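Residue numbers (the numbering used here), protein chains in the order written: chain G, -5 to 280; chain U, 14 to 335. One structure is given here, and the rest of the page talks about it.
Take a look at the structure:
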């Protein structure tokens, strides 16, 4: 095989590998949408019906409790961890910290970023046992917030880093304080920060291992901050291993909802990032 | 916890601080500046504090099991029966390594090929489209991969692959988990590898093509070498990610605590050990401690992988200089 034939062969191989990965994606999304769509079309009400008293055994009622639980857990968690993530990233990027210290913080953030979600679940559960509480919506929020924090910090940090240096130099040149300069830089990085917020939210919505032990795995409607709750991924995990075929079919309906939420969020983050870029100083079209 | 204490200091920000004689707006701006620097500094320490707190809590809670059994017995005994106070993690450790190695063997080559395609071959619209789809694949919740695998991969392995090589299985087992985990972790490795390929300066490509190398020769002897450290650490990070994966193994591995004897056998990974024995976690203090110790083990291993990835990157960067 001469070198040009080899080059063609490699070109073919990389294209084949890419096609394989994209085909796998199509299969995963296609199977979820087709199977879930069939169940949901037959009975769309199950997504907005509260579960019956023996829901996991007899599939009476629907999974509204998991939909509400997801919203009540991931929403507040995203707000909390976004506030922390933006602050941490601003601290690392602006002139508040020495380079050495921000290197150290980055190392710890990377470790946190790679830490398996189940560890956060076990950690929060350990705290729950230590303070003598029981698993509830509140600890689900804590676990998801801790899980999202390193992800969002990474996105925000990247966004702030990509903001042009001229923005910061200009603000300092006008006599701004460090804080005022950080605010202007954050505005220049807004598209990336918004995209990071949405991606963090999507990761939080889709994660099961952190809330598995911390939110209580309840099969009833969430009734309060310190009452057990559940989220869609945990529900799907529980339904998938059920002996009742109807409960298993509900798992596909729930995963239809979940995948539509996640795909919608990704689409929204791409669109919003493009739209914001026009208005940010130093943005794409300014 | 610590958020609250830091949050308190920010709410003081509205009070003009006493002591500054400077009048009007400047003093207010300086007060905001000082208070914001406390808040942001606190946020910086929060990252370190969170990690230290997690490790401290997990370590403290695993002291009972470490006091009751020597570490070597915990790691090397293959008897796992919490009810009879037998805590051997070996089956789960072997299962985890098995799954991680197999899924890396399947996922890493594909990931490198796709990364080369995205970074070097694809252009314009195609490139945006392909990388968007890879982002989408990376964002799909793992529980959905598990669910789809139950109807696609499990029957395939159980009815076609296993009979073809003469093995007998229901389809649940190490191989199924590795296959699905390879799919889960490949997009993650792709995007890290693409990042390090795209960081290579264009002069390298140009000079290699300029002296007459074909595109493949450029990729092989220049680009993969220059991006080698980044790609290697991407694979290490992917390894760490498979190590800590919970939901997919819990759904597909079959959940029997035994030393796996073939790729088709059922088994247990460290995270599924935690998931499956959750029910007993509350009641028996020693079991609780043992499972928290598993959590600690996961943190330490992932920490080692991250640290190793950073070290390798620095080492190889010095050796493969351009």
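C-beta: ideal position from N, C-alpha, C; glycine also. Predicted model only: the values in this text are computed from it and were never measured.
Neighbouring residues, chain G, relative to residue i (Cβ below 8 Å)
i, result
"residue 213 of chain U", "By Cβ distance, chain G contributes nothing, its closest Cβ being about 17 Å from residue 213 of chain U, past 8 Å."
Residue i and residue j closer than 8 Å at C-beta
i, j, result
"residue 150 of chain U", "residue 19 of chain G", "yes"
"residue 121 of chain G", "residue 70 of chain U", "yes"
"residue 236 of chain U", "residue 325 of chain U", "no"
"residue 231 of chain U", "residue -2 of chain G", "no"
"residue 150 of chain G", "residue 60 of chain U", "no"
"residue 234 of chain G", "residue 194 of chain U", "no"
"residue 75 of chain U", "residue 266 of chain U", "no"
"residue 106 of chain G", "residue 63 of chain U", "yes"
"residue 56 of chain G", "residue 67 of chain G", "no"
"residue 109 of chain G", "residue 208 of chain G", "no"
"residue 111 of chain U", "residue 187 of chain U", "yes"
"residue 139 of chain G", "residue 161 of chain G", "no"
"residue 252 of chain U", "residue 113 of chain U", "yes"
"residue 261 of chain U", "residue 171 of chain U", "no"
"residue 280 of chain U", "residue 122 of chain U", "no"
"residue 86 of chain G", "residue 57 of chain U", "yes"
"residue 259 of chain U", "residue 203 of chain G", "yes"
"residue 115 of chain G", "residue 137 of chain G", "yes"
"residue 366 of chain G", "residue 79 of chain G", "The shown model of chain G, from -5 to 280, leaves out residue 366 of chain G, and the question about it has no answer."
"residue 226 of chain G", "residue 251 of chain G", "yes"
"residue 116 of chain U", "residue 255 of chain U", "yes"
"residue 102 of chain U", "residue 84 of chain U", "no"
"residue 312 of chain U", "residue 68 of chain U", "yes"
Interface partners of residue i on chain U, CB under 9 Å
i, result
"residue 257 of chain G", "149, 152 and 153"
"residue 200 of chain G", "152, 153, 154, 155, 156 and 157"
"residue 227 of chain G", "154, 155, 156, 157 and 260"
"residue 196 of chain G", "152 and 154"
"residue 140 of chain G", "63 and 67"
"residue 33 of chain G", "Those do not exist, as residue 33 of chain G stays about 12 Å from chain U at its closest Cβ, beyond 9 Å."
Where residue i meets chain U, residues with beta-carbon distance less than 7 Å
i, result
"residue 245 of chain G", "160"
"residue 102 of chain G", "60, 61 and 64"
"residue 284 of chain G", "For residue 284 of chain G there is no data in the structure shown, the boundaries of chain G being -5 and 280."
"residue 9 of chain G", "130"
"residue 213 of chain G", "Chain U residues near residue 213 of chain G: none, gap ~16 Å exceeds 7 Å."
Residues bridged to residue i (per DSSP)
i, result
"residue 100 of chain U", "U:93"
"residue 223 of chain G", "G:210"
"residue 55 of chain G", "G:45"
C-beta neighbour in chain G for residue i, strict 8 Å
i, result
"residue 284 of chain U", "yes"
"residue 264 of chain U", "yes"
"residue 113 of chain U", "no"
"residue 192 of chain U", "no"
"residue 22 of chain U", "Unreliable positioning characterises residue 22 of chain U in this predicted model, as indicated by a pLDDT of 42, which lies under 50. A coordinate reading is not provided."
"residue 32 of chain U", "Since pLDDT at residue 32 of chain U reaches only 48, below the 50 mark, its modelled position is unreliable, and the value read off the structure follows with that caveat. Not an interface residue."
"residue 254 of chain U", "yes"
"residue 82 of chain U", "no"
"residue 199 of chain U", "yes"
"residue 237 of chain U", "no"
"residue 321 of chain U", "no"
"residue 41 of chain U", "no"
Chain G contact residues for residue i, given Cβ-Cβ distances below 7 Å
i, result
"residue 229 of chain U", "0, 1 and 4"
"residue 52 of chain U", "81"
"residue 74 of chain U", "120"
"residue 276 of chain U", "Going along chain G, no residue has its Cβ under 7 Å from residue 276 of chain U, so there is no contact; the nearest lies around 20 Å."
"residue 224 of chain U", "Correct list: empty, because the minimum Cβ distance to chain G is about 13 Å."
"residue 56 of chain U", "78, 81, 82 and 85"
CB contact check: residue i to chain U, cutoff 8 Å
i, result
"residue 27 of chain G", "no"
"residue 285 of chain G", "The structure shown does not extend to residue 285 of chain G, since chain G spans only -5 to 280, so no value can be given for it."
"residue 16 of chain G", "yes"
"residue -3 of chain G", "yes"
"residue 206 of chain G", "yes"
"residue 116 of chain G", "yes"
"residue 249 of chain G", "yes"
"residue 188 of chain G", "no"
"residue 99 of chain G", "yes"
8 Å Cβ cut-off: residues of chain U touching residue i
i, result
"residue 236 of chain G", "What residue 236 of chain G touches in chain U: nothing, since even the nearest Cβ is about 12 Å away."
"residue 178 of chain G", "Under the 8 Å cutoff, chain U gives no residues; its nearest Cβ is about 14 Å from residue 178 of chain G."
Residues that residue i contacts on chain G, provided the C-beta gap is smaller than 9 Å
i, result
"residue 257 of chain U", "108, 109, 110, 111, 112, 113 and 203"
"residue 315 of chain U", "105, 108, 109, 110 and 113"
"residue 46 of chain U", "171, 172, 173 and 174"
Neighbouring residues, chain B, relative to residue i (Cβ below 8 Å)
i, result
"residue 231 of chain G", "Protein chains in the displayed structure are G and U, and chain B is not among them."
Under 9 Å (Cβ pairs) to chain G, residues found in the segment 142 to 158 of chain U | Going along the segment 142 to 158 of chain U in chain order, one finds 143, 145, 146, 147, 148, 149, 150, 152, 153, 154, 155, 156, 157 and 158 with a Cβ nearer than 9 Å to chain G.
The segment 61 to 91 of chain G: which residues have C-beta closer than 9 Å to a C-beta of chain U, in chain order?
-> Flagged, chain order: 74, 77, 78, 79, 80, 81, 82, 83, 84, 85, 86, 88, 90 and 91.
May I ask you to list, following chain order, the residues of the segment 161 to 172 of chain G that have a beta carbon less than 7 Å from some beta carbon of chain U?
-> So the close ones are 171 and 172.
Give, in chain order, every residue of the segment 99 to 128 of chain U whose Cβ lies closer than 7 Å to some Cβ of chain G.
-> Hits within the stretch, in order: 123, 126 and 127.
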